[in-house]
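A short write-up of the structure that comes next.
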Amino acid sequence: QVLLQVSGPRLVRPAQTLSLTCTLSGGSFSRGGYYWTWIRQHPGKGLEWLGYISYSGTTYYNPSLNGRLSISVDSSENSFSLRLTSVTGADTALYYCARGQGSGIRQWFDPWGQGTQVTVSS
Amino acid sequence: SSDLTQPPSVSVSPGQTASITCSGTDLDKKNVYWYHQRPGQSPILVIYQDNQRPTGIPERITGSKSGSTATLTISGTQTMEEGDYFCQTWDTTSLIFGGGTKLTVL
Numbered sequence: 001q002v003l004l005q006v007s008g009p010r011l012v013r014p015a016q017t018l019s020l021t022c023t024l025s026g027g028s029f030s031r032g033g034y035y036w037t038w039i040r041q042h043p044g045k046g047l048e049w050l051g052y053i054s055y056s057g058t059t060y061y062n063p064s065l066n067g068r069l070s071i072s073v074d075s076s077e078n079s080f081s082l083r084l085t086s087v088t089g090a091d092t093a094l095y096y097c098a099r100g101q102g103s104g105i106r107q108w109f110d111p112w113g114q115g116t117q118v119t120v121s122s
Numbered sequence: 123s124s125d126l127t128q129p130p131s132v133s134v135s136p137g138q139t140a141s142i143t144c145s146g147t148d149l150d151k152k153n154v155y156w157y158h159q160r161p162g163q164s165p166i167l168v169i170y171q172d173n174q175r176p177t178g179i180p181e182r183i184t185g186s187k188s189g190s191t192a193t194l195t196i197s198g199t200q201t202m203e204e205g206d207y208f209c210q211t212w213d214t215t216s217l218i219f220g221g222g223t224k225l226t227v228l
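Here the protein sequences line up with chains A and B, keeping their order.
Following the numbering used here, the numbering of the first sequence begins with 1 at its first residue and continues without gaps.
Following the numbering used here, the numbering of the second sequence begins with 123 at its first residue and continues without gaps.
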């Protein structure tokens, strides 16, 4: 059974960089066909897809993030990471990692990690 | 970008049928996926590719689509099915989610 666990700081200062790591257990990045994805949920419900890195290393990001996001894989640690630069209060959210299946942006997410609350505040 | 519209809330009595709709532009040309999120928990996939159930999802939960509206139907609704339901698809540049529907079983 594939499990995803998010880790990283819960509090980030405005204008700084938010960094989170998602560690995979019960699976391997070397097994192709999946998209390793970050999604966030703002207070009050809404889900926002942030971006993914594919099994081949291709990345694709939500254009609304205006180039602030990067996602990378560390196969030796069986993990993938998110870096979101120049954060503001609008980046305060519950951050999830998930495994995507499908093709490109035509994908669905299963399973999801447990989510971690990140607050942007001075 | 396109939007996906869901009703904010749906109520159903235990054992009855709940239907949650999701409307969007060109939805007839795209696949729709559905997730269930219980309070304080991560979403779980309940329907993929319009009407396919992942392993472990009961047959009482079905997905369908007609024109630009997708529907998630839960027959014989149980209290364990309370929570938020989100639909998801894609537009030209991004993956998108509906705003979510809170299902109350009472």
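Even glycine gets a Cβ: it sits at the ideal position worked out from N, Cα and C.
Review point. Got a sec? Which residues, its chain only, sit under 6 Å from THR127 (chain B) by beta carbon, not counting five neighbours each side?
Key: SER145
Exercise for review: Please check the pair ARG83 (chain A) and SER19 (chain A), which I expect to be a contact at CB under 8 Å, by giving their CB distance rounded to whole angstroms.
Suggested key: 5 Å
Review point. Can THR23 (chain A) and SER79 (chain A) be called in contact, C-beta distance under 8 Å?
Key: yes
Check your understanding: Quick one: which chain B residues come within Cβ less than 7 Å of LEU47 (chain A)?
Key -> PHE208, PHE219
Check your understanding: Using a beta-carbon distance below 8 Å, is GLY137 (chain B) in contact with chain A?
Key -> no
Check your understanding: If we cut at 8 Å on Cβ distances, does PRO129 (chain B) have a partner in chain A?
Key -> no
Review point. How would you call VAL73 (chain A), buried or exposed, if buried means at least 16 neighbouring beta carbons within 10 angstroms?
Key: buried
Exercise for review: Measure the Cβ-Cβ separation of GLY205 (chain B) and PRO161 (chain B) and say whether it is below 8 Å.
Suggested key: Yes; because the gap between Cβ atoms is below 8 Å, this pair is in contact.
Point to revise | Residue span of the beta strand (DSSP E) that contains TYR111 (chain A), given as start and end | key: The sequence as given places Pro at residue 111 (chain A); Tyr does not occur at that position. Per DSSP, PRO111 (chain A) belongs to the beta strand (DSSP E) from 106-112.
Review point. Name the chain A residues that come within less than 7 Å of THR215 (chain B), Cβ to Cβ?
Key: Near THR215 (chain B) (Cβ distances below 7 Å), the residues of chain A are PRO63.
Review point. Using the beta-carbon of each residue, which ones in chain B are nearer than 9 Å to TYR96 (chain A)?
Key: SER164, PRO165
Exercise for review: Could you tell me whether the Cβ of ILE105 (chain A) comes closer than 8 Å to any Cβ of chain B?
Suggested key: Cβ-Cβ to chain B under 8 Å: yes for ILE105 (chain A).
Review point. For LEU82 (chain A), which beta-bridge partners are listed by DSSP?
Key: A:LEU20, A:ILE71
Practice item. Measure from the alpha carbon of SER186 (chain B) to the alpha carbon of each residue in B:PRO180, B:THR195, B:GLY178, then state which is nearest. Key: Of all alpha-carbon atoms in B:PRO180, B:THR195, B:GLY178, the one lying nearest the alpha-carbon of SER186 (chain B) is that of B:THR195.
Point to revise | Interface positions of the region 172-193 of chain B facing chain A (Cβ-Cβ less than 8 Å), listed along the chain | key: PRO176
Practice item. Could you say which of A:SER122, A:GLN117, A:ARG106 lies nearest to GLN148 (chain A) if we only look at CA atoms? Key: There is simply no residue 148 (chain A) to check, as chain A begins at 1 and stops at 122 in what is shown.
Review point. THR201 (chain B) and PRO136 (chain B): beta carbons closer than 8 Å?
Key: yes
**Study point:** Local conformation of GLU204 (chain B) per DSSP, three classes
**Key:** In the structure shown, GLU204 (chain B) sits in coil (DSSP, three-state: anything other than H, G, I, E or B).
Check your understanding: Is the beta carbon of THR119 (chain A) less than 8 Å from the beta carbon of LEU50 (chain A)?
Key -> no
Point to revise | Between the CA atoms of GLY33 (chain A) and ARG13 (chain A) - distance to the nearest angstrom | key: 36 Å
Review point. If you draw a straight line from the alpha carbon of SER123 (chain B) to that of ILE105 (chain A), how long is it in whole angstroms?
Key: Only weak support is given to the placement of SER123 (chain B): the predicted model assigns it a pLDDT of 47, under 50, and the value that follows is read from those uncertain coordinates. Computed Cα separation, rounded: 14 Å.
Practice item. Answer with yes or no whether the minimum CB distance from PHE109 (chain A) to chain B is below 8 Å. Key: yes
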